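Heads up, the thing below is written out as structure tokens.
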């Protein structure tokens with residue numbers, strides 16, 4: 001995770017659904033801390049497990065695994081683990097919040113097959129069935145590469161995990177935080 005930039009070289013750093021892919025949050029945040037100028041800010045939103053996630057609940061673990069595998073994520077961190085890693089890296093956490101909590105429109109609505117919309121027909125149960133059969137036919141005819149159907153199934157599982165994680169409020173793709181690198185190491 002070594003970035004090819006000198007220490008204290010950036011005025012600000014932001015990440016959108018990116019640092020959650022790092023296998024080591026502390027290592028990732030430490031590297032961001034290194035390149036950020038003193039007194040400047042790092043803001044991001046992460047994909048995280050919420051406080052409602054129970055690691056001893058098999059259904060919760062299944063949902064988490066579907067999201068991780070289907071979206072190419074390492075072990076999804078909790079919101080608390082993100083904050084702890086930021087602080088351990090040296091950041092002062094200014095503000096953090098799950099922006100999905102309390103939203104009048106669920107973030108997962110476009111992925112929910114029970115929600116019908118002409119704008120998102122391809123994401124409805126009928127639209128997904130159509131897409132699945134189209135991919136299958138294209139692969140059979142040699143117009144889509146071999147394995148396309150497997151990839152489509154894989155992505156379907158990920159979408160199901162995201163929707164269930166959202167419904168049960170055990171997962172959020174909208175954990176936002178803003179953190180500052182102190183002006184000096186003693187602050």
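Residue numbers (full-length UniProt numbering): 1 to 187. The C-beta atom is built at its ideal place from N, Cα and C for all residues, glycine as well. Values in this document were obtained by computation on a predicted structure and should not be read as measured data.
Contact check for residue 30 and residue 94: beta-carbon distance about 18 angstroms, past the 8 angstroms limit, so the pair fails to qualify. A distance below 7 angstroms between beta-carbons, with the five flanking residues on each side excluded, links residue 71 to the following residues of its chain, in chain order: 158.
Residue 105 and residue 99 have their alpha carbons spaced roughly 11 angstroms apart. Taken through DSSP and simplified to helix, strand or coil, residue 1 comes out as coil. As the crow flies, the alpha-carbon of residue 7 is around 41 angstroms from that of residue 151. Between residue 76 and the set 149, 131, 19, 1, the nearest pair of CA atoms involves 19. Fewer than three pairs of CB atoms, one per stretch, sit closer than 8 angstroms, so the region 135-147 makes no contact with the region 78-89. Within the model, the alpha-carbon separation for residue 37 versus residue 103 is close to 34 angstroms.
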